[in-house]
Amino acid sequence: MRSLFPVTDLTTTGAPGGENPPGPLTDREWSLDELAEAYAYPSDLPAAAPWLRANMVSTLDGAAQHDGRSQPISCASDMRIFGTLRGLADVVIAGAETVRLEGYRPARAREAFAARRTAAGQGPAPAVAVVSGSLDLDFSLPLFTGPLVPTLVVTGAGAPADRIEAARKAGAEVVIAGEGARVDPARVVRELADRGLRRQLTEGGPRLLGQFVAAGALDELCLTISPMLTAGDAQRIAGGPGVAVPERFFLASLLEEAGFLFSRYRRTDS
Numbered sequence: 214m215r216s217l218f219p220v221t222d223l224t225t226t227g228a229p230g231g232e233n234p235p236g237p238l239t240d241r242e243w244s245l246d247e248l249a250e251a252y253a254y255p256s257d258l259p260a261a262a263p264w265l266r267a268n269m270v271s272t273l274d275g276a277a278q279h280d281g282r283s284q285p286i287s288c289a290s291d292m293r294i295f296g297t298l299r300g301l302a303d304v305v306i307a308g309a310e311t312v313r314l315e316g317y318r319p320a321r322a323r324e325a326f327a328a329r330r331t332a333a334g335q336g337p338a339p340a341v342a343v344v345s346g347s348l349d350l351d352f353s354l355p356l357f358t359g360p361l362v363p364t365l366v367v368t369g370a371g372a373p374a375d376r377i378e379a380a381r382k383a384g385a386e387v388v389i390a391g392e393g394a395r396v397d398p399a400r401v402v403r404e405l406a407d408r409g410l411r412r413q414l415t416e417g418g419p420r421l422l423g424q425f426v427a428a429g430a431l432d433e434l435c436l437t438i439s440p441m442l443t444a445g446d447a448q449r450i451a452g453g454p455g456v457a458v459p460e461r462f463f464l465a466s467l468l469e470e471a472g473f474l475f476s477r478y479r480r481t482d483s
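The opening position of the sequence shown corresponds to residue 214 in my numbering, with each subsequent residue numbered one higher.
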């Protein structure tokens, strides 16, 4: 892996010391500490202010999945970044369909991030928040019955009462973030932040990400561009209603390995 942006003096000259110093352009495996520094949440966030970042992968022709899953268009370094982003987050937010298709399990504590999380006042692992209006979820799965940190179920006030009760009996914390059966994406961010979960990471799927985009709630997009073509009719990384005016994001960093581009974009007003 090598850093292509931002450009610094070291980008062209390499780091000082040694015959072949490991500068940003050196193609090598980055340590988890280096990845954690590269993907750190902003240090100047106002007190209690949330920061919502998304992590997605897309092929060259815009497919976010192959055969319904993201793994076939991913790579080992993409998965290391995936793990790093989870290791930095207070909460991982995912839509119910993504939880079902990707076989979500509880986030686990990782020794590589333990000291960093302790210093940031975080628990041993991020919570997982599942967004679902209908609560059509299997509450017997380990995500609900055996997490290190209780799983949150985010739904609307009009969700079926029996499903809310089933979620609570399984040990999940129910978060109401919308009127009726629908979930308000901007309210999801606020409700989680009110629970101290400010460093937020959404892994989609495309429909949920599209809702966050349409609500103007997304602060940062970590997008892996896979050097693959799939054709077909796979979803884009974000779907659903469009925005009236396209929102401009700026490039914050760009890494590359074996043709995969690991980009990080931030909203211009964030």
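Heads up, the beta-carbon is just placed ideally off N, CA and C, and yes, glycines get one too.
Please read all numbers here as calculations on a predicted model, not as lab measurements.
Close-in-space but distant-in-sequence residues of the same chain around residue i (CB under 8 Å, 5 per side omitted)
i    : result
G231 : For G231, the pLDDT reaches just 48, beneath the cut-off of 50, and the residue's location in the model is therefore unreliable, leaving the point undetermined.
E310 : G418, R420
Secondary structure of residue i, DSSP reduced to three states
i    : result
V402 : helix
Q424 : helix
V344 : strand
I450 : coil
E392 : coil
S439 : strand
A251 : helix
V220 : coil
A457 : coil
R376 : helix
S271 : strand
G308 : strand
P229 : With a pLDDT of 47 at P229, under the threshold of 50, the predicted position of this residue should be treated as unreliable, and no value is reported.
Q413 : strand
L468 : strand
Exposure label - residue i; buried when at least 16 CB within 10 Å
i    : result
A333 : exposed
G417 : buried
S283 : buried
S256 : exposed
M269 : buried
L405 : buried
R461 : exposed
D280 : exposed
P419 : buried
A228 : For A228, the predicted structure reports a pLDDT of 49, less than 50, and the residue's modelled location is therefore unreliable. A value from the coordinates is still provided. So A228 counts as exposed.
V220 : exposed
F425 : buried
A385 : buried
L410 : buried
A471 : exposed
A260 : exposed
L265 : buried
F463 : exposed
L273 : exposed
G316 : exposed
T481 : exposed
A444 : exposed
G359 : exposed
G500 : The requested residue 500 is not part of the displayed model; the chain covers only 214 to 483.
D407 : exposed
Of the listed residues the options, nearest to residue i (C-alpha basis)
i    : options                : result
T297 : A320, P259, R313       : A320
S271 : P363, R318, L434, F425 : L434
V388 : P355, P419, L348, G423 : L348
S290 : A374, R479, S244       : S244
M441 : Y252, A277, L248       : A277
A394 : Q335, G281, V456, A374 : A374
R329 : M292, G281, Y252, L273 : Y252
D240 : M214, P263, A262, Y254 : M214
S439 : S476, A370, R408, K382 : S476
A340 : F326, L361, A444       : L361
I286 : T437, A465, F352, A430 : T437
T364 : I306, R480, Y254       : I306
A493 : A327, V344, L258, G346 : Absent from the structure is residue 493, since the part of the chain shown begins at 214 and ends at 483.
G423 : A267, D246, E242, L238 : A267
Proximal residues to residue i (C-beta, below 6 Å), its chain only, five neighbours per side dropped
i    : result
L217 : L467, E469
R323 : G300
Own chain, CB closer than 7 Å to residue i, minus 5 neighbours either side, in chain order
i    : result
R318 : P355, L356
G275 : R449
D397 : A390, G391
L314 : G281, R282
Cβ of residue i within 7 Å of any chain B Cβ
i    : result
E470 : Absence of chain B from the displayed structure is noted, only one protein chain being present.
(message) Assess contact between the segment 443 to 458 and the segment 395 to 414, defined as three or more Cβ pairs (one per stretch) separated by less than 8 Å. Is contact present?
(response) no
(request) Examine the Cβ distances between the segment 443 to 450 and the segment 364 to 381 and report whether three or more of them are shorter than 8 Å. (result) no
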